[in-house]
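There are 4 protein chains.
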Amino acid sequence: MQHSFRLTIQCPDQIGLVAQVSQFLAQYGATILEANHHTDLTTQRFFMRHEIQADSMTLDMATFTAAFMPIAEKFKMDWHISDPASLPKVALLASHETHCLADLLHRWHTGELACEIPCIIANHQAIADIAAWYKVPFYFVNFKSQPKADAFAQIEAILSELSVDTVVLARFMQILPEDMCHNWAGKAINIHHSFLPSFAGAKPYQQAYDRGVKLIGATCHYVTSDLDEGPIIEQQVMRISHSDSATDMVRKGRDCEKTALANGLRFHLEDRVIIDANKTIVFA
Amino acid sequence: MQHSFRLTIQCPDQIGLVAQVSQFLAQYGATILEANHHTDLTTQRFFMRHEIQADSMTLDMATFTAAFMPIAEKFKMDWHISDPASLPKVALLASHETHCLADLLHRWHTGELACEIPCIIANHQAIADIAAWYKVPFYFVNFKSQPKADAFAQIEAILSELSVDTVVLARFMQILPEDMCHNWAGKAINIHHSFLPSFAGAKPYQQAYDRGVKLIGATCHYVTSDLDEGPIIEQQVMRISHSDSATDMVRKGRDCEKTALANGLRFHLEDRVIIDANKTIVFA
Amino acid sequence: MQHSFRLTIQCPDQIGLVAQVSQFLAQYGATILEANHHTDLTTQRFFMRHEIQADSMTLDMATFTAAFMPIAEKFKMDWHISDPASLPKVALLASHETHCLADLLHRWHTGELACEIPCIIANHQAIADIAAWYKVPFYFVNFKSQPKADAFAQIEAILSELSVDTVVLARFMQILPEDMCHNWAGKAINIHHSFLPSFAGAKPYQQAYDRGVKLIGATCHYVTSDLDEGPIIEQQVMRISHSDSATDMVRKGRDCEKTALANGLRFHLEDRVIIDANKTIVFA
Amino acid sequence: MQHSFRLTIQCPDQIGLVAQVSQFLAQYGATILEANHHTDLTTQRFFMRHEIQADSMTLDMATFTAAFMPIAEKFKMDWHISDPASLPKVALLASHETHCLADLLHRWHTGELACEIPCIIANHQAIADIAAWYKVPFYFVNFKSQPKADAFAQIEAILSELSVDTVVLARFMQILPEDMCHNWAGKAINIHHSFLPSFAGAKPYQQAYDRGVKLIGATCHYVTSDLDEGPIIEQQVMRISHSDSATDMVRKGRDCEKTALANGLRFHLEDRVIIDANKTIVFA
Numbered sequence: 001m002q003h004s005f006r007l008t009i010q011c012p013d014q015i016g017l018v019a020q021v022s023q024f025l026a027q028y029g030a031t032i033l034e035a036n037h038h039t040d041l042t043t044q045r046f047f048m049r050h051e052i053q054a055d056s057m058t059l060d061m062a063t064f065t066a067a068f069m070p071i072a073e074k075f076k077m078d079w080h081i082s083d084p085a086s087l088p089k090v091a092l093l094a095s096h097e098t099h100c101l102a103d104l105l106h107r108w109h110t111g112e113l114a115c116e117i118p119c120i121i122a123n124h125q126a127i128a129d130i131a132a133w134y135k136v137p138f139y140f141v142n143f144k145s146q147p148k149a150d151a152f153a154q155i156e157a158i159l160s161e162l163s164v165d166t167v168v169l170a171r172f173m174q175i176l177p178e179d180m181c182h183n184w185a186g187k188a189i190n191i192h193h194s195f196l197p198s199f200a201g202a203k204p205y206q207q208a209y210d211r212g213v214k215l216i217g218a219t220c221h222y223v224t225s226d227l228d229e230g231p232i233i234e235q236q237v238m239r240i241s242h243s244d245s246a247t248d249m250v251r252k253g254r255d256c257e258k259t260a261l262a263n264g265l266r267f268h269l270e271d272r273v274i275i276d277a278n279k280t281i282v283f284a
Numbered sequence: 001m002q003h004s005f006r007l008t009i010q011c012p013d014q015i016g017l018v019a020q021v022s023q024f025l026a027q028y029g030a031t032i033l034e035a036n037h038h039t040d041l042t043t044q045r046f047f048m049r050h051e052i053q054a055d056s057m058t059l060d061m062a063t064f065t066a067a068f069m070p071i072a073e074k075f076k077m078d079w080h081i082s083d084p085a086s087l088p089k090v091a092l093l094a095s096h097e098t099h100c101l102a103d104l105l106h107r108w109h110t111g112e113l114a115c116e117i118p119c120i121i122a123n124h125q126a127i128a129d130i131a132a133w134y135k136v137p138f139y140f141v142n143f144k145s146q147p148k149a150d151a152f153a154q155i156e157a158i159l160s161e162l163s164v165d166t167v168v169l170a171r172f173m174q175i176l177p178e179d180m181c182h183n184w185a186g187k188a189i190n191i192h193h194s195f196l197p198s199f200a201g202a203k204p205y206q207q208a209y210d211r212g213v214k215l216i217g218a219t220c221h222y223v224t225s226d227l228d229e230g231p232i233i234e235q236q237v238m239r240i241s242h243s244d245s246a247t248d249m250v251r252k253g254r255d256c257e258k259t260a261l262a263n264g265l266r267f268h269l270e271d272r273v274i275i276d277a278n279k280t281i282v283f284a
Numbered sequence: 001m002q003h004s005f006r007l008t009i010q011c012p013d014q015i016g017l018v019a020q021v022s023q024f025l026a027q028y029g030a031t032i033l034e035a036n037h038h039t040d041l042t043t044q045r046f047f048m049r050h051e052i053q054a055d056s057m058t059l060d061m062a063t064f065t066a067a068f069m070p071i072a073e074k075f076k077m078d079w080h081i082s083d084p085a086s087l088p089k090v091a092l093l094a095s096h097e098t099h100c101l102a103d104l105l106h107r108w109h110t111g112e113l114a115c116e117i118p119c120i121i122a123n124h125q126a127i128a129d130i131a132a133w134y135k136v137p138f139y140f141v142n143f144k145s146q147p148k149a150d151a152f153a154q155i156e157a158i159l160s161e162l163s164v165d166t167v168v169l170a171r172f173m174q175i176l177p178e179d180m181c182h183n184w185a186g187k188a189i190n191i192h193h194s195f196l197p198s199f200a201g202a203k204p205y206q207q208a209y210d211r212g213v214k215l216i217g218a219t220c221h222y223v224t225s226d227l228d229e230g231p232i233i234e235q236q237v238m239r240i241s242h243s244d245s246a247t248d249m250v251r252k253g254r255d256c257e258k259t260a261l262a263n264g265l266r267f268h269l270e271d272r273v274i275i276d277a278n279k280t281i282v283f284a
Numbered sequence: 001m002q003h004s005f006r007l008t009i010q011c012p013d014q015i016g017l018v019a020q021v022s023q024f025l026a027q028y029g030a031t032i033l034e035a036n037h038h039t040d041l042t043t044q045r046f047f048m049r050h051e052i053q054a055d056s057m058t059l060d061m062a063t064f065t066a067a068f069m070p071i072a073e074k075f076k077m078d079w080h081i082s083d084p085a086s087l088p089k090v091a092l093l094a095s096h097e098t099h100c101l102a103d104l105l106h107r108w109h110t111g112e113l114a115c116e117i118p119c120i121i122a123n124h125q126a127i128a129d130i131a132a133w134y135k136v137p138f139y140f141v142n143f144k145s146q147p148k149a150d151a152f153a154q155i156e157a158i159l160s161e162l163s164v165d166t167v168v169l170a171r172f173m174q175i176l177p178e179d180m181c182h183n184w185a186g187k188a189i190n191i192h193h194s195f196l197p198s199f200a201g202a203k204p205y206q207q208a209y210d211r212g213v214k215l216i217g218a219t220c221h222y223v224t225s226d227l228d229e230g231p232i233i234e235q236q237v238m239r240i241s242h243s244d245s246a247t248d249m250v251r252k253g254r255d256c257e258k259t260a261l262a263n264g265l266r267f268h269l270e271d272r273v274i275i276d277a278n279k280t281i282v283f284a
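Residue numbers (full-length UniProt numbering), protein chains in the order written: chain Z, 1 to 284; chain V, 1 to 284; chain W, 1 to 284; chain D, 1 to 284.
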């Protein structure tokens with residue numbers, strides 16, 4: 001169980017907006033643990049996140065929603081309040097590279113990631129082992145014996161069956177089909193093993209090696225149907241040199257990948273990310 | 001001239017605080033360019049900064065102050081509003097090492113630092129040259145021909161004469177006397193050439209070399225009478241290796257020093273720093 | 001099995017030294033994969049590491065040693081050659097905090113760390129589980145039911161029984177007794193959860209929080225009988241802000257700890273570290 | 001005057017290579033201050049740099065060259081030895097953005113960059129001022145009143161007249177014509193204000209803002225006729241957030257640009273960079 005509500009809002013900027021929201025929260029006794037505001041001065045759009053101590057509010061979720069609706073409508077808000085009584089359900093999709101998967105599972109196991117993990121889905125049977133150890137149900141989906149469309153249909157069925165909220169591609173290495181990208185817009189998180197927009201697509205470390213860059217990186221972003229073009233949540237980089245082979249970069253880069261994905265996912269789960277067109281506001 | 005007011009507030013945390021401040025600002029038409037909040041959950045203290053478009057307010061400074069007073073008193077606020085009609089006056093104190101001085105002057109010259117620089121004070125005549133080039137009045141204070149107390153009295157006289165607001169020790173290498181530390185509490189900024197609290201005191205790069213650390217750094221902090229113990233505003237670090245001599249560290253570390261001091265001073269000038277006992281809140 | 005010899009040398013600097021070593025290696029057909037030199041100009045000491053393709057040499061280890069002896073003696077070398085036919089044996093000592101342990105085990109499992117792990121030793125039974133999953137023998141040593149000296153004697157017995165080469169304190173949280181520090185000089189690696197020499201001793205994140213630093217870090221170093229004063233192998237830092245509580249620092253700092261320890265251990269296992277008094281040369 | 005020779009070598013890798021070079025150097029009494037080797041295992045190419053105490057050698061440059069020739073030919077070396085009796089001549093080309101220019105001049109003035117600066121060339125008259133202060137001859141080249149080809153011909157004439165060795169484009173903002181790129185291959189250094197290959201071409205900070213990246217950077221590289229595609233010497237990055245406007249990125253990015261260019265130029269001047277096709281070996 002979480003101990004806080006998170007109220008996130010985006011809307012056109014307007015004088016009096018913060019006053020009215022603050023007034024509303026004060027009226028119901030909200031103890032604010034954290035508050036963040038951002039105004040995009042080019043688009044005149046306003047973004048706001050409040051983290052509110054759950055037991056300080058004299059309202060339940062349904063009453064809150066009903067009571068807040070007039071303000072939300074007045075200011076044309078796109079808004080969301082998280083329910084402290086339930087944890088988001090996160091599905092982890094993985095392949096044979098396990099460093100991101102193992103890292104996320106350990107963080108989850110030790111309480112760093114506030115979510116349930118109802119399933120691990122992989123196209124490699126070897127992943128069953130690590131899933132078993134963490135007592136997470138494992139689903140093998142065969143990408144070799146059937147058309148990709150069927151494999152993804154199988155995945156969609158699992159996600160739907162388990163009421164999954166967020167999909168994490170933890171080095172899954174399969175490109176989601178366009179309709180799935182749309183279904184999971186803003187709810188599917190990928191880790192790409194380069195500093196995007198550099199080296200999108202396949203074999204980014206080899207690309208980095210061939211170009212002779214002096215830093216490598218990793219990018220955690222929302223999945224869209226444009227490959228590696230979705231809104232970026234978090235990026236990490238690391239210095240390398242001429243003495244690093246492409247294989248060394250693969251090894252070193254894993255640390256960037258793990259950290260970027262873990263940070264990005266945590267921000268998402270804590271409602272710290274607001275998507276604005278193809279960019280993100282991250283109240284880290 | 002600046003184009004924004006900056007309102008900074010600290011006070012005990014209380015429900016309704018943000019609502020009332022926001023309501024006040026909205027009432028006078030304030031367009032908020034940037035807003036930052038912080039609650040220290042251990043001390044239950046609240047910190048807030050608003051950057052307000054200057055010409056959006058229907059109030060002048062004096063009226064604002066009078067009107068805001070009841071709210072400030074009600075919530076026991078320690079507060080400050082910057083006057084957009086005047087730039088803070090910054091005195092730069094330097095010695096023979098000129099990298100920080102030259103860096104600050106170039107940033108100031110190209111509009112990166114919103115302040116006036118009414119004087120450069122140094123204990124080396126050679127600094128006159130660079131001051132002349134930037135057309136800043138230069139004051140030589142002799143630390144060899146007179147007791148230190150007299151030299152500092154001379155400096156205090158200059159600062160007073162020129163109505164200086166902020167003193168920057170840009171590698172000044174002289175320890176301010178205790179009374180001067182008190183006079184300039186929260187208004188004197190130093191750059192120490194180590195990652196504090198490591199290597200306080202003299203010759204920090206030699207200390208770092210002797211200890212065999214793998215990263216060096218620099219710390220920008222407010223001056224207090226406890227040497228190198230004041231509230232930290234900003235720190236920078238840089239990787240080094242066994243192949244770096246103490247001299248190499250001196251050279252490399254300069255880049256940390258320049259950046260840490262320039263960032264720290266900019267945060268201070270833009271009222272982004274609130275001092276809370278021996279720590280800082282930096283709304284960067 | 002490893003595929004390379006590693007020859008490491010330290011000695012007083014002298015003209016002709018490199019020529020003679022290189023000549024020796026060439027004479028026996030050594031294909032050099034990597035070569036690193038360092039001269040400490042203050043002490044006139046010379047350090048050298050060669051990584052040699054194992055099957056390129058026409059000599060076995062014993063013959064190599066015999067043949068190289070005259071050169072080593074002539075130049076007063078402190079030298080070492082690794083045996084490509086055997087992997088170093090690493091004991092992991094852990095306590096209830098498992099992030100470093102889990103991270104090292106995953107890296108080892110996926111081939112990133114070239115060693116055997118003959119045992120995990122812990123003062124918490126809960127660690128048995130993770131050891132079992134990685135199929136590593138687990139030893140529980142009770143630090144509560146017996147005097148510390150007896151507990152450490154038990155550990156020494158296990159290490160001796162298993163012919164352990166390197167001891168890793170993966171957040172073990174117990175201070176090694178002085179005699180054990182001496183026995184394992186240059187062979188026991190610790191991770192301290194601060195940027196040393198800042199915040200040595202207990203509760204470094206709380207110390208960092210109290211001091212109000214803007215960066216936290218972790219230090220991987222060899223254990224000596226002076227607590228947290230041993231030769232530093234690797235350090236990592238991370239930016240924090242006023243909004244991070246001491247608990248946030250604990251969570252964030254784990255990423256520094258994991259990376260610093262994993263890098264430090266890898267450097268050690270690949271014979272990339274040469275200890276010189278209280279400092280290290282790291283041919284990373 | 002410099003106090004060291006720098007001998008740089010690249011050639012096909014071969015057993016006995018290092019032995020023979022080391023033997024040669026020892027024979028003439030060379031005290032080696034720094035030695036670096038690199039073998040590119042994919043191309044089997046070998047790279048080596050020696051820094052030799054100038055007065056330790058019993059040979060003058062001409063005799064050295066004659067004596068070394070047989071070894072160079074035997075191993076098919078592409079090699080170079082720097083003359084400690086002369087400093088390289090560096091021309092700085094600048095435009096209206098002065099941060100890189102001012103930074104390089106200050107470093108040079110304080111002895112950080114071992115070179116002569118026989119000229120500053122700019123397409124803005126305002127640069128005359130800063131050149132005068134550093135007592136460096138200034139050349140204004142008008143890019144508005146004449147065809148670009150003529151302006152560049154004028155620049156080439158100045159460079160030739162002054163026997164310039166290295167050209168630095170310190171935010172010069174004019175694209176060198178193809179023939180000039182060829183004439184100055186490996187001797188013209190540019191700073192691009194992005195983390196290449198991301199955001200090549202015009203307005204990289206605006207591109208970065210539009211893409212919503214979480215880190216910005218700068219790249220120091222050799223100029224080739226493919227714009228922003230030359231061998232990379234050095235890169236720097238810096239974290240940004242949604243609260244940074246494109247203008248903030250321009251300001252912040254300057255620190256990356258200054259550091260990347262200063263490091264890259266220093267590496268070049270100290271013969272630490274060896275170009276290998278479109279990549280660099282940097283013995284930093």
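Glycine included, C-beta positions come from ideal geometry on N, C-alpha and C.
Reducing DSSP to helix, strand and coil, say where residue 24/W ends up.
Translated into the one-based positions of the third sequence, residue 24/W becomes position 24. Looking at residue 24/W - three-state DSSP - the assignment turns out to be helix.
Can you list, in chain order, the residues of its chain whose CB lies under 6 Å from that of residue 111/Z, leaving out five sequence neighbours each side?
Against the first sequence, residue 111/Z aligns to sequence position 111. Nothing meets the Cβ criterion.
With the cut-off set at 8 Å, would you say residue 261/V and residue 170/V are in Cβ contact?
Here residue 261/V is taken as the residue at index 261 of the second sequence, counted from 1. Here residue 170/V is taken as the residue at index 170 of the second sequence, counted from 1. Taking 8 Å as the Cβ cut-off, residue 261/V and residue 170/V qualify as a contacting pair.
Should residue 236/D and residue 218/D be called a contact, given that it needs their Cβ atoms to be closer than 8 Å?
On the fourth sequence, position 236 is the one that residue 236/D refers to. On the fourth sequence, position 218 is the one that residue 218/D refers to. Result yes, Cβ atoms of residue 236/D and residue 218/D sit closer than 8 Å.
In whole angstroms, give me the CA-to-CA distance for residue 1/Z and residue 273/D.
Position 1 of the first sequence, counting from 1, holds the residue named residue 1/Z. Position 273 of the fourth sequence, counting from 1, holds the residue named residue 273/D. Low confidence applies to residue 1/Z: its pLDDT is 47, below 50, so where it sits in the model is not reliable enough to give any reading.
Taking contact to mean 3 or more Cβ pairs, one atom from each stretch, closer than 8 Å, check whether the stretch 22-31 of chain V and the stretch 94-104 of chain V are in contact.
No, the stretch 22-31 of chain V is not in contact with the stretch 94-104 of chain V.
Do the stretch 80-87 of chain W and the stretch 4-15 of chain W meet, that is, are 3 or more Cβ pairs less than 8 Å apart?
Output reads yes: the stretch 4-15 of chain W touches the stretch 80-87 of chain W.
Per the DSSP calculation, residue 238/V is bridged to which residue(s)?
As a working note, residue 238/V is residue 238 in the second sequence. Bridge partners of residue 238/V: 216/V.
Go ahead and pull the three-state DSSP assignment for residue 51/W.
Mapped onto the third sequence, residue 51/W falls at position 51. Correct three-state label for residue 51/W: strand.
Please name the residues in the stretch 18-44 of chain Z whose beta-carbon is closer than 9 Å to at least one beta-carbon of chain V, in chain order.
Against chain V - using a Cβ distance shorter than 9 Å - the residues of the stretch 18-44 of chain Z are 18, 19, 20, 21, 22, 23, 24, 25, 26, 27, 29, 30, 31, 32, 33, 34, 35, 36, 37, 38, 39 and 41.
Measure the beta-carbon distance from residue 231/D to residue 280/D and round it to whole angstroms, keeping in mind my assumption that it falls under 8 Å.
Counting from 1 along the fourth sequence, the entry for residue 231/D is found at position 231. Counting from 1 along the fourth sequence, the entry for residue 280/D is found at position 280. About 5 Å; that satisfies the 8 Å criterion.
Does the pairing of the stretch 220-229 of chain V with the stretch 187-199 of chain V give three or more beta-carbon distances under 8 Å?
Yes, the stretch 220-229 of chain V touches the stretch 187-199 of chain V.
Are the stretch 69-79 of chain Z and the stretch 141-154 of chain Z touching, with three or more C-beta to C-beta distances below 8 Å?
Segments in contact, no.
Does any residue of chain Z bring its CB to less than 8 Å from the CB of residue 233/V?
Reading the second sequence from its first residue, position 233 is the one you call residue 233/V. Output row for residue 233/V: interface = no.
Mind listing the chain W neighbours of residue 16/D? Cutoff is C-beta to C-beta under 7 Å, in chain order.
Indexing the fourth sequence from 1 puts residue 16/D at position 16. Going along chain W in sequence order, the residues near residue 16/D (Cβ under 7 Å) are 26.
Taking the alpha helix (DSSP H) that residue 268/W falls in, what are its first and last residues?
Working through the third sequence from its first residue, we reach residue 268/W at position 268. Where residue 268/W is concerned, the enclosing alpha helix (DSSP H) stretches over 246-269.
Between residue 50/W and chain V, is the shortest Cβ-Cβ distance under 8 Å, so that the two count as touching?
For the purposes of this step, residue 50/W is identified with residue 50 of the third sequence, where counting begins at 1. It does not: the Cβ of residue 50/W has no partner Cβ on chain V nearer than 8 Å.
Distance cutoff 8 Å, beta carbons only. Does residue 197/V sit that close to anything in chain W?
Within the second sequence, the letter at position 197 stands for residue 197/V. Residue 197/V counts as touching chain W.
Could you tell me how far apart the beta carbons of residue 92/V and residue 116/V are, in whole angstroms, since I believe they sit closer than 8 Å?
For the purposes of this step, residue 92/V is taken as the residue at position 92 of the second sequence. For the purposes of this step, residue 116/V is taken as the residue at position 116 of the second sequence. Not confirmed; about 11 Å, so no contact.
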